[in-house]
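Visitor:
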Amino acid sequence: MAVHLPTGVRIAVAISVDFDTDALRPGTIAGVGHHASSTRRFAVDVGIPRLLALFRDLDVVTTWPTSDHDLVDFPDVVEDVLDEGHEIALHGCHHEGGVPEPDRERELMGTRLRRHDRVVGRAPSGFRAPEWAFTDATLGILGDTGFAWDSSLAGTEFEPYRPSGHESGVLEIPVSWYLDDWPCVEDHRPVFRRWREIFDYAHLRVQDGVYTLTIRPQVIGRAHHVAALEEFLRYLRGFGDVWCTTLSEIRRVWSEPPGESVHRENRKVDYTSTPGLT
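In this note's numbering, the protein residues as written are 33 to 310.
What follows is the structure, given as structure tokens:
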């Protein structure tokens, strides 16, 4: 296997918290007027403190793909996340989907990187595309700018992989709508049962697998959801061979399978002079 987990660990679990309060945008059913803005405040004032307290209690470290808009608007929240030992990854500017023009996509990446460096103080290791929307240029841009991993695609279920046809050097850590809280806002219990069933399958049948869960403070932070999440995480912690860790740690313990070593120049583009930062 390409993932080499620590001794005694059978499966890695990556909890990824998408800090993307702009996901509720004008034009969507839930993203209209004061309702959308109040939901944003709920994510920041209620959802995130609940999640940080839960992760602290259960000694779980997580990855937070965060939009630039939230980085700039809520630097104190970002500091709280970092102080608790979690990592911040890149997640778009205003939760925009795939950008069809490659030059514009590169310009936006420059804006994202400079904002991230300004708020977080160091370059990000990984990226998650808003709405998981990729263009033909995205992987190449990620490779050019030195990203180690992406978590936006679904070419496998539990195994990180190199997307075929791309020479970016970026490792893909797959995601799935089945392991996401967004589709289950109203009917939460069946989805937690589904998450447990998917975990049980992977734990039993996939040695050195990676189980990547995607959650959002404005969704999972509701009382009935966060209580169910706590029950689910306590279930995971009951196994002695489960490693709850960050996406960057998973990238660190991944290596090319024998015979598939990729030799490529890892180019890095200087975006410090790229226009567009506001």
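The C-beta atom is built at its ideal place from N, Cα and C for all residues, glycine as well.
(1) Using the DSSP secondary-structure output, state which residues sit across from T244 in a beta bridge.
(2) Could you give the C-beta distance for R228 and F264, rounded to a whole number, given that I count them as a contact under 8 Å?
(3) Please state whether DSSP places F224 in a helix, a strand or coil.
(4) Drop a sphere of 10 angstroms on the beta-carbon of H256, count the other beta-carbons inside from all chains shown, and report buried for 16 or more, exposed for fewer.
(5) Taking the Cβ atom as the reference point for each residue, do L203 and P192 lie within a distance shorter than 8 Å?
(6) For V285, which residues from the same chain have a beta carbon less than 7 Å from its beta carbon, with the 5 sequence-adjacent residues on both sides left out?
(7) With H, G and I counted as helix, E and B as strand and the rest as coil, what does DSSP make of G124?
(8) Look up F159 in the DSSP assignment and give the residues it is bridged to.
(9) For D212, does the three-state DSSP call read helix, strand or coil?
(10) Is it buried or exposed for S99, if we count other Cβ within 10 angstroms and need 16 for buried?
(11) Tell me, please, which residues DSSP counts as bridged to Y193.
(12) Please confirm whether P17 and T244 have their CB atoms less than 8 Å apart.
(13) If we ignore side chains and look at the alpha-carbon of each, how far apart do V64 and F74 end up?
(14) With DSSP as the reference, label V274 as helix, strand or coil.
(15) Report the three-state DSSP secondary structure of V35 (helix, strand or coil).
(16) Since F51 sits in a beta bridge, which residues does DSSP pair it with?
(17) According to DSSP, what are the bridge partners of W286?
(18) Take A186 as the anchor and find which of G178, A161, G172 and S200 has the nearest alpha-carbon.
(19) Note the first and the last residue of the continuous alpha helix (DSSP H) segment covering D149.
(20) Going by DSSP, what residue range makes up the alpha helix (DSSP H) through V93?
(21) Under 8 Å between C-beta atoms, does V76 make it to chain C?
(22) Can you give me the Cβ contacts of H295 inside the same chain, cut-off strictly under 8 Å, excluding the 5 residues immediately before and after it?
Guide: Result, derived from the coordinates:
(1) Residue pairing by DSSP places T244 opposite A46 in a beta bridge.
(2) Taking a contact as a CB-CB distance under 8 Å, the pair R228 and F264 counts as one, their CB atoms being some 6 Å apart.
(3) F224: helix per DSSP, three-state reduction.
(4) Around the beta carbon of H256, a 10 Å sphere encloses fewer than 16 other beta carbons of the protein chains shown; the residue is thus reported as exposed.
(5) Yes.
(6) Short of 7 Å from the beta carbon of V285, and not among the five residues preceding or following it, lie these beta carbons of its own chain, in chain order: V35, H36 and L37.
(7) If DSSP states are grouped into helix, strand and coil, G124 belongs with coil.
(8) Per DSSP, L122 and D182.
(9) Note: D212 maps to strand in three-state DSSP.
(10) Classification for S99: buried.
(11) E204.
(12) Since the first and last residues shown for the chain are 33 and 310, residue 17 lies out of range.
(13) Summary for V64: the model assigns pLDDT 48, below 50, so the residue's position carries little reliability; its value from the coordinates is reported in the next sentence. When rounded, the distance between both Cα atoms is 15 Å.
(14) In the structure shown, V274 sits in a strand (DSSP, three-state: E or B).
(15) Note: V35 maps to strand in three-state DSSP.
(16) DSSP output for F51 lists T98 as bridge partner(s).
(17) Here W286 is bridged, per DSSP, to V35.
(18) Closest in C-alpha terms to A186, from the list G178, A161, G172 and S200, comes A161.
(19) Boundaries of the alpha helix (DSSP H) around D149: P134 to V152.
(20) Note, V93: premise wrong, no alpha helix (DSSP H); not H, not E.
(21) Absent from the structure: chain C. Only one protein chain is present.
(22) With a pLDDT of 40 at H295, under the threshold of 50, the predicted position of this residue should be treated as unreliable, and no value is reported.
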